[in-house]
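Below is one structure; the comments refer to it alone.
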Amino acid sequence: MNKKINSIRGMHDYFDEDVDIWHRLEKSFKQVLNNYSYEEIKLPILEKTEIFQRAIGDVTDIIEKEMYSFTDRKGNSLTLRPEGTVGCVRAIIQNNLLNKKKLKFWYLGPMFRYERPQKGRYRQFYQLGAEVFGLSTIDIDLEIILLTHRLWKILGINFYMFLEINSIGSKLDRLEYQKQLVSFLEKNKSFLDKQSKERLYSNPFRILDSKNLNVQNLLKQAPLLINFINKESLGQFNNLCNMIDLYGIKYKYNPNLIRGLDYYNDTVFEWKSNQIESSHNTICAGGRYNALIQELGGEKKPAIGFAIGIERLILLIKSLNITSKVEKINIYIIFIGEENKIHAINLSEEIRDIYSELKIFVSFSNLSLSKKIKHAIESLSRIVILIGSNEIKKQCYLIKELETKKEFYLLKNELMLKISDIFRN
Ligand code: ATP
Ligand code: MG
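The numbering used here numbers the first residue of the sequence shown as 6 and each following residue consecutively.
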């Protein structure tokens with residue numbers, strides 16, 4: 006046998022239960038996003054490398070070490086998108102959409118980051134992203150929190166999700182804060198782990214995100230970003246928190262919540278799950294990025310967005326055991342004897358003509374009858390239709406109802422009525 010070739014590390018195939026959950030997720034996403042009048046936008050997976058370099062920030066994890074970049078045949082540097090916001094903003098500018106009255110978009114697709122693969126962290130992963138352009142008041146920040154919260158409710162996971170929220174103010178505010186933070190951390194350098202020491206001068210804000218317990222303890226005494234934030238941003242943030250309270254959504258103010266990408270300002274938030282280990286418990290993350298459109302060559306327009314990691318959501322749903330079994334096949338047709346195959350195919354086509362939504366399976370394999378019945382049961386089929394020479398002679402079909410274990414003969418028109426009866430709901 007030839008040596009088999011496997012997929013790339015950190016890039017996975019999805020099938021069976023994962024795909025069933027995936028479909029359910031997509032259905033709920035579309036329902037909720039439609040409910041808030043978001044429109045889908047389809048974007049390329051490849052973009053020019055420079056667009057990410059310009060937007061994401063030189064000293065972020067993504068730019069420093071996570072991008073899949075390569076040169077094409079003409080020597081242009083291209084990158085498999087590590088996130089969706091940048092491409093979405095590029096598309097809005099390029100297609101002159103910025104002056105539309107309603108600018109609410111969503112997209113779903115694969116993202117690529119060269120990370121160390123582990124549970125909940127892959128090199129190809131999927132995100133549902135949503136972006137809203139042109140609105141500067143916190144009404145839209147609130148709406149995004151309400152939208153994501155509604156999604157958790159529809160998926161039946163709202164009790165396992167919690168919201169963390171912070172305001173990171175303006176770039177200018179953060180510059181002042183950075184000085185104070187670095188000076189504090191320098192004085193306490195001995196408490197920092199290797200990674201935090203490395204980040205001290207390149208990207209000290211990432212230290213706030215550290216999972217190291219010593220660093221986390223030290224941060225309890227560190228200066229807080231909130232004390233450096235301009236009055237207007239602070240006022241808006243307080244209003245936002247009050248409104249979230251009014252809608253009865255519980256949240257935790259996390260003064261150290263800093264998003265990994267450079268382009269954010271003011272509101273940032275993460276929805277985490279208490280059912281998942283902290284290394285990968287953030288399911289949804291988002292925030293405001295009022296300067297990015299201008300940075301990428303568009304006019305000055307505020308913006309806000311979020312992204313949900315699909316694989317992490319699937320991990321959560323599986324861990325909660327709230328998946329319902331999906332019928333892989335609805336009607337299982339078995340013919341006995343090669344000469345009856347044509348009758349099975351004809352019948353399956355006639356059923357499909359009338360019931361386009363049903364999953365009809367004709368078993369062409371040479372398994373034994375009992376194995377075929379076993380397969381029908383495993384596939385959660387409701388009925389098996391058996392076609393042998395006897396049945397053809399009598400112009401009827403033998404029907405087995407798998408749940409009730411009843412067996413009976415039906416003429417074709419009776420069978421069609423029976424199918425309607427069984428699958429009406
Ligand atoms: P983390 O801190 O976990 O690395 P991040 O800040 O890099 O996350 P974002 O860029 O905000 O993540 O992406 C939004 C969401 O996409 C995350 O909250 C997560 O659910 C998902 N995500 C990000 N990176 C990965 C990955 N490598 N594998 C699987 N899901 C991911
Ligand atoms: Mg990351």
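No residue lacks a Cβ here, since even glycine has one placed at the ideal position from N, Cα and C.
Note that the structure is predicted; figures quoted are calculated from it, not measured.
Bounding residues of the alpha helix (DSSP H) (the contiguous stretch that carries Gly92): Its alpha helix (DSSP H) spans residues Thr90 to Gln99.
Endpoints, beta strand (DSSP E) assigned at Tyr402: First-last of the beta strand (DSSP E) with Tyr402: Cys401 to Glu406.
Start-end ranges of the alpha helix (DSSP H) lying completely within the stretch 188-217, minimum 4 residues: For the stretch 188-217, whole alpha helix (DSSP H) runs of length 4 or above, ordered along the chain, are 199-207.
Same chain, Cβ closer than 8 Å to Leu83, five either side skipped, listed in chain order: Hits under 8 Å: Leu51, Glu52, Lys53, Thr54, Ser74, Phe75, Thr76 and Asp77.
Contacting residues, own chain, Cβ-Cβ under 8 Å from Glu31 (five flanking each side not counted): Closer than 8 Å at Cβ, skipping near neighbours: Leu113.
Buried versus exposed, by CB contacts within 10 Å (16 or more), Gly174: Burial is judged here by how many other beta carbons sit within 10 angstroms of a residue's own beta carbon; Gly174 has at least 16 and is buried.
Reference Lys323; option with closest CA among Lys158, Met6 and Asp25: The option with the nearest alpha carbon to Lys323 is Asp25.
Complete beta strand (DSSP E) runs within the stretch 41-93 (minimum length 3 residues, chain order): Secondary structure remark: continuous beta strand (DSSP E) runs of at least 3 residues inside the stretch 41-93, in chain order: 51-53, 73-76 and 82-85.
Other residues of its chain near Tyr41: CB distance less than 6 Å, five sequence neighbours each side excluded: Taking C-beta separations shorter than 6 Å and ignoring five residues to either side along the sequence, the partners of Tyr41 in its chain run Leu152, following chain order.
Three-way DSSP call (helix, strand, coil) for Gly291 in this model: In the structure shown, the three-state DSSP call for Gly291 is strand.
Which of helix, strand or coil DSSP assigns to Ser33: Reduced to three states, the DSSP call for Ser33 is helix.
Ligand 1 heavy atom lying under 8 Å from the CB of Arg317: Checking every heavy atom of ligand 1 against the Cβ of Arg317, one is found closer than 8 Å.
Cβ neighbour criterion (16 or more within 10 Å) applied to Gln132: With a 10 Å radius around the Cβ and a threshold of 16 neighbouring Cβ atoms, Gln132 comes out buried.
Beta-bridge partners of Lys257, as assigned by DSSP: Answer is Glu169.
Through-space distance from Phe233 to Cys246, alpha-carbon basis: Each residue's alpha carbon lies about 18 Å from the other.
Identity of the residue in Lys330, Glu300 and Ser361 nearest Ile382 by Cα: Answer by Cα proximity: Lys330.
Exposure label - Gly134; buried when at least 16 CB within 10 Å: Buried, since its Cβ has 16 or more Cβ neighbours within 10 Å.
Whole-angstrom distance between Arg293 and Val64, CA atom to CA atom: Cα-Cα distance, rounded: 20 Å.
Neighbourhood of Val220 by C-beta, 8 Å cutoff - its chain only, sequence neighbours within 5 removed: In the same chain as Val220, and ignoring 5 residues on each side of it, the C-beta atoms closer than 8 Å to its own belong to Phe196, Leu197, Asp198, Ser201 and Ile212, in chain order.
Under the three-state DSSP convention, the category Lys306 falls into: Look at Lys306 here: in three-state DSSP terms it is coil, with no helix or strand label.
Alpha-carbon spacing of Asn235 relative to Ala290, whole angstroms: Looking at the two C-alpha atoms, the distance is approximately 23 Å.
Cβ-based neighbour list, Glu22, same chain, cut-off 8 Å, excluding 5 preceding and 5 following: Taking Glu22 as the centre and dropping the five residues before and after it, the same chain places the C-beta of Lys323 and Thr328 closer than 8 Å to its C-beta, in chain order.
Supposed close pair Leu168, Tyr252 - CB separation, criterion 8 Å: Incorrect: roughly 11 Å between the Cβ atoms, too far for contact.
Validate contact between the stretch 292-310 and the stretch 90-105 using beta carbons, cut 8 Å, 3 pairs: Flag = yes, the stretch 292-310 and the stretch 90-105 touch.
For Thr272, the nearest candidate out of Gln280, Asn259 and Ile281 (CA to CA): By alpha-carbon distance to Thr272, the top candidate from Gln280, Asn259 and Ile281 is Asn259.
Which of helix, strand or coil DSSP assigns to Asn326: Note: Asn326 maps to coil in three-state DSSP.
When Leu177, Ile378 and Leu156 are compared against Arg387, the one with the closest alpha-carbon: With distances taken between Cα atoms, Arg387 lies closest to Ile378.
Nearest-angstrom Cα separation, counted from Asn418 out to Lys109: Here the alpha carbons of Asn418 and Lys109 stand approximately 50 Å from one another.
Residue range of the beta strand (DSSP E) that includes Ile281: Per DSSP, Ile281 belongs to no beta strand (DSSP E) and is neither H nor E.
CB contact flag (Asn335, Ala296, <9 Å): Their beta carbons are not under 9 Å apart, which means Asn335 does not touch Ala296 by this criterion.
Nearest candidate by alpha-carbon position, reference Asp250, set Val187, Arg317, Ile150 and Phe189: Here the closest residue by C-alpha is Ile150.
Continuous beta strand (DSSP E) stretch holding Glu237: start and end: Per DSSP, Glu237 belongs to no beta strand (DSSP E); it is in the alpha helix (DSSP H), Lys236 to Leu251.
Extent of the continuous alpha helix (DSSP H) to which Ala349 belongs: Lys346 to Ile359 is the span of the alpha helix (DSSP H), which, as asked, contains Ala349.
First through last residue of the beta strand (DSSP E) which encompasses Ala381: Where Ala381 is concerned, there is no enclosing beta strand (DSSP E), although the alpha helix (DSSP H) it sits in stretches over Leu374 to Glu383.
Run of the beta strand (DSSP E) containing Met116, from where it starts to where it stops: From DSSP, the beta strand (DSSP E) with Met116 extends over Lys109 to Phe117.
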